[in-house]
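What follows is one structure encoded as structure tokens, with my remarks underneath.
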């Protein structure tokens, strides 16, 4: 069809999760995966074939799964819990708090298909609160990777970390955002695009859209926007946020999450405490309706043009 | 401890103490000089509100000095109202919210099974605690995997915070429930040290199945005025009651 440009190649981060798990398990016999009848949805069929004894499928039982993972860690294993983010985080919240975070257990929890990946299945299956309730828990690292390379690096970094880590693993197709030199570090933001008029802070599936928005603003409005990738929501890279506030004077956050309590809330806490500037938090305003994820993003303005428009509105509140 | 702290769950402590003492002092292969030894046997105290009985027993085992018991629940004390594995040697799991210990014990038992180790895992649960659904998730997983190095002991004192278990949300027929989940069941007088020892030495109850030991106990035992009285779930004894109880205990 003429006039239609082929989009960039899109990746399902669960594929990277699964291949990285096989590599990690091959290198360290303590590595085990614990799941809740989520072998297929976590893309673990290959892992199961290769390491059948090291896949603990507890059935549809998220609380038991997380407690069992804590026990496996106590028994000297390096468990990775994998299940749909909406169920793992909500159903097992007290186990994540007590058995993992308060205990400082070396357990990695992978929340699969977060946000509105299950868009058509409705709000019961949307996971747009997970970052909010997990980042309130002390001693829990919360990571929202944006692309396959970052998913792999986050998983490897989690194994090097002493204590529990939550990683959101996207099933939505995402383009590769980072160049080959990118090195993920827990708690470190990464400046993808330099700019002086405003800062977009994002992670996960929204990061590529933030980059698109910055491009549109440069082309159409002559506005230069800094784009900061903030994959670690806890611990937060506060200095990068303060620098954005001081040097650009406006911050817009965008994430595949509720507007309340996620990345935007975390950034706002830092901004209010350290360097108040006009802010806009983009995400879902409440329970999202049923619909394909892509449709939901467009419906709520979570697209390159929608984010660009939000930046322009917020710029109007900037101190001159 | 509880009198000094002005807080606690003395009734459940008393009903559990004989079981905890027999397991930690005479059965489990644990070493107070090396509390994190990888192949140690595990004791998971799931009824974390009975922390006083656990702490007193751990001190008796030599995991820490018994003078620390005077600081039970004092500000900044490692002896939380509920056990803290990070701060107290010998504590395997942070429990207190109910229904957490049994899944953790199943996890340690699966780890042992993966390592083809003979090490055993013991878990003490309250009977009222079995109303938490997470226990039954873990029971199903343990039965499915035939974890016969795992033993769960139920402190079956029949009482929970607000009344009897049977009038609150009926547990019986408890033995049948456990059997139907693939466990082998034994029943014992939870205050009879010789009977407890005999039973634990003969574990597993049945090869190829996890063991579910229903230990019949009395809340508040052996203090006469506390025995089987629901208010002693978390009533704190007065100074006079402490003296009376100590006199009874000789």
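Residue numbers (the numbering used here), protein chains in the order written: chain A, 1 to 320; chain B, 321 to 570.
Think of the CB as a built atom: it goes at the ideal place given N, C-alpha and C, for glycine as much as any other residue.
Note that the coordinates shown come from a computational prediction; the quantities given were computed from them, not determined experimentally.
Contact of residue 477 (chain B) with chain A by beta-carbon distance below 8 Å is absent, the smallest such distance being about 24 Å.
Residue pairing from DSSP places residue 82 (chain A) in a beta bridge opposite A:35 and A:110.
The stretch 113–129 of chain A makes no contact with the stretch 45–63 of chain A; the number of CB pairs closer than 8 Å stays below 3. Residue 403 (chain B) places its beta carbon 9 Å or farther from that of residue 388 (chain B). Look at the stretch 424–445 of chain B: the residues with a C-beta under 7 Å from a C-beta of chain A are 424, 425, 426, 427, 428, 430, 431, 432 and 434. Between residue 553 (chain B) and residue 82 (chain A), the alpha-carbon positions lie close to 38 Å from each other. Within the DSSP bridge table, the entry for residue 521 (chain B) names no partner. Flagged as an interface residue toward chain B: residue 99 (chain A), by a C-beta distance shorter than 9 Å. In this structure, the CA atom of residue 455 (chain B) is about 11 Å from the CA atom of residue 448 (chain B).
For the pair residue 445 (chain B) and residue 474 (chain B), the CB atoms are nearer than the 9 Å cut-off.
Excluding its 5 nearest sequence neighbours in each direction, residue 205 (chain A) has C-beta neighbours in its own chain below 6 Å: 170, 172, 174 and 256, listed in chain order. A distance below 7 Å between beta-carbons, with the five flanking residues on each side excluded, links residue 68 (chain A) to the following residues of its chain, in chain order: 34, 56 and 58.
Beta bridge pairing from DSSP links residue 294 (chain A) with no other residue.
The continuous beta strand (DSSP E) containing residue 504 (chain B) extends over residues 504–509. Judged by DSSP in its simplified three-state form, residue 168 (chain A) adopts strand. Here DSSP, grouped into helix, strand and coil, assigns residue 313 (chain A) to helix. Setting aside the 5 residues that flank it on each side, residue 343 (chain B) is surrounded in the same chain by 363 and 442, each with a C-beta closer than 6 Å to its C-beta; the list follows chain order.
Residue range 55–57 is occupied by the beta strand (DSSP E) that includes residue 55 (chain A). Nearest to residue 118 (chain A) by alpha-carbon distance, out of A:318, A:87, A:218 and A:65, is A:87.
Restricting attention to B:438, B:471, B:540 and B:569, the CA atom closest to the CA of residue 526 (chain B) is found in B:471. Think of a sphere of 7 Å around the beta carbon of residue 106 (chain A): no beta carbon from chain B falls inside it, the nearest being about 12 Å out.
Distance from the CA atom of residue 334 (chain B) to the CA atom of residue 190 (chain A), rounded to whole angstroms, is 57 Å. Here residue 369 (chain B) carries a helix assignment [DSSP, helix/strand/coil]. Residue 103 (chain A) belongs to the set of residues whose beta carbon lies under 9 Å from a beta carbon in chain B.
Contact annotation: in the stretch 69–80 of chain A, residues whose CB is within less than 7 Å of a CB in chain B are 69, 70, 71, 72, 74, 75, 76 and 77. Counting every other CB atom within 10 Å of its CB across the protein chains shown gives residue 560 (chain B) a total below 16, marking it as exposed. Under DSSP, residue 280 (chain A) forms a beta bridge with A:252. Residue 98 (chain A) and residue 415 (chain B) have their C-alpha atoms roughly 8 Å apart. At a beta-carbon threshold of 8 Å, the residues of chain A lying near residue 414 (chain B) are 98, 99, 102 and 103, ordered along the chain. Counting only residues of its own chain and dropping the five nearest sequence neighbours on each side, residue 494 (chain B) has a CB closer than 8 Å to the CB of 447, 450, 474, 476 and 534. With a 10 Å radius around the Cβ and a threshold of 16 neighbouring Cβ atoms, residue 545 (chain B) comes out exposed. Take the alpha-carbon of residue 213 (chain A) and the one of residue 253 (chain A): they are about 12 Å apart.
Residue 534 (chain B) has B:474 and B:507 as its beta-bridge partners, per DSSP. At least one CB atom of chain B sits nearer than 9 Å to the CB of residue 61 (chain A).
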